[in-house]
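Comments concern the structure below.
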Amino acid sequence: MLNLSFRYDQTAVRLQVEGLPDFSAGHGDGILGIISGWRLQLVASPELEGKREHLQALMATVLPYARHRISGVKRAFGDTASAVVISPDGDKHQLLLRSSQPNIPPLTLHLDHAELADLVRCLDALRLDPRVQVPWELPIDHPLPRKELAERVPLSQRFGAPFIGGTALALIAGLSLLLPVPRSSEGTLPPANSTTPEQTQSSSNR
Amino acid sequence: MTLKTVLGRRGLERLDLLLLVVESLDLNGGEAMLWTTQQLGLQEQFPNRVELWKRRCHNPLRRATRRGELSAFDAEAMLRLLCSMASRLYPLLHQLLSSREPEELNLQRWALLDQRLRDLIEERMNPRRGAVQRLLQQEQSQPIQRELVFSLALAAGDGGIDRLRASLLDPTP
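Listed in order, the protein sequences are those of chains W and C. Be aware that the first sequence starts at 1, since it is given in this note's numbering, and climbs by one per residue. Be aware that the second sequence starts at 1001, since it is given in this note's numbering, and climbs by one per residue.
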């Protein structure tokens, strides 16, 4: 049977994918349609290997993370149940990989910016390779919602201006309450001892 | 996927700033850009340096800024040019971002980039703008420069253009 193997190299990362053409999907001889295994070599890290599901999980986690990083948003992708979790770690990126086999502790790798860029380039090269016809089901790169972008702005910067504005408004409102109300000549009450026309009339009747 | 909508103010600023970083990394950046436009078949849009400069002047942070919007067609061409330049300069970007490079050497590389970028910004950007002042202040400029170089590294390669395009279309937070 025709076994295919494709390799994607960058300075610090090497990704190798093996598999077979999917003849049921009408693929030709040189087209990889079924992934039987993959290997990922990162400089100064143990070699990783797995099945198609693991590679899918790696792509579905790392590529959205890179999409957010290019917009300056630093947030983790993946949760406690995910096979792959990537999160910012200071100037680096922490990649946590959980094995599907029992009793194997998760592997944690720390990638610098250059290594992450290499990994992203290798994954991009694989998913866009016309010789690999695998439906990856990855999210398309879209502009991020305003809410996510707002989170990259520090709280002090985000709420600083509204806070100062609100405080200034409250201060001005408070000071304006302390000012005496101006007396107008028409609106003033008559003095208490002044006699009204009715009082004058009643006194004359007596 | 191509750019179908017009870039907003932030997108234009960022696109031009990333091209400025490319020029700081490549001493012969202006010529290299023109040569790359020919390689990409964009010579009708950018037949010479002046045409490219005119498109870049839509950046509102420029000293000589142009009114009006940059068309989606021109923005897409500039995006392709930028990503192609980023791919060409990727080894240099990798060196700058790698923690495995000799520290002293990398500090010198960053200092050189900082100096060139500062010179270009002072020459071409409006210094009265707050964003330009931030780029020129030592403490604030370093993390911004690092993010810009990292963005260029993520924009390089096959899928980089889609990523960068989406980020340039991000709304203003």
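Ideal Cβ placement from N, Cα and C applies to all residues, glycine included. Because the structure is a prediction, the values reported are computed rather than measured.
Please list the partners that Ala66/W has in chain C, where partner means a Cβ-to-Cβ separation under 8 Å. Leu1154, Arg1163
Since Gly33/W and Gln133/W are thought to touch, with beta carbons under 8 Å apart, how far apart are those beta carbons, to the nearest angstrom? 5 Å
task: Show which residues of chain A have a CB atom less than 7 Å away from the CB atom of Leu144/W.
output: Here chain A cannot be found, since the structure's protein chains are W and C.
Below 8 Å on the Cβ atoms is my contact criterion, and I expect Phe6/W with Arg131/W to pass it. Report the Cβ-Cβ distance as a whole number of Å. 6 Å
| query | Would a check of beta-carbon distances place Ser1167/C closer than 7 Å to chain W? | reply | yes
**OP:** Go ahead and pull the three-state DSSP assignment for Pro88/W.
**Re:** strand
Check your understanding: What is the DSSP secondary structure of Ser36/W, counted as helix, strand or coil?
Key -> strand
Leu1019/C - DSSP class collapsed to helix/strand/coil: For Leu1019/C, the secondary structure class from DSSP, reduced to helix, strand or coil, is helix.
Span of the alpha helix (DSSP H), counted from its first residue to its last, around Ser1084/C | 1072 to 1088
_With distance defined between alpha-carbon atoms, name the residue in Gln16/W, Val62/W, Ser24/W, Tyr65/W nearest to Gln41/W._
Gln16/W
* Asked: When DSSP labels each residue in this structure, what does Phe1046/C get in the three-state scheme?
  -> coil
Practice item. Given a cut-off of 7 Å, decide if Val1006/C and Ala1072/C are closer than it, judged by their beta-carbon atoms. Key: yes
- Do Leu1040/C and Arg1080/C have their CB atoms nearer than 7 Å? yes
- Report the residue ranges of all beta strand (DSSP E) runs contained in full by the stretch 1082 to 1160 of chain C; include only those spanning at least 3 residues, in chain order. none
| said: Give me the DSSP bridge partner(s) of Ser5/W. | reply: Glu18/W
Next item on the list: Would you verify that the beta carbon of His113/W is, or is not, closer than 7 Å to some beta carbon of chain C?
Entry: Under the Cβ criterion of 7 Å, His113/W is counted among the residues facing chain C.
Original post:
For a contact meaning CB atoms closer than 8 Å, what does Glu1147/C contact in chain W?
Top reply: Gly72
On the criterion of 16 or more Cβ atoms from any shown chain inside 10 Å, does Asp1016/C qualify as buried, or is it exposed? buried
Give the DSSP-derived three-state secondary structure of Glu137/W in the structure shown.
Annotated three-state conformation of Glu137/W is coil, per DSSP.
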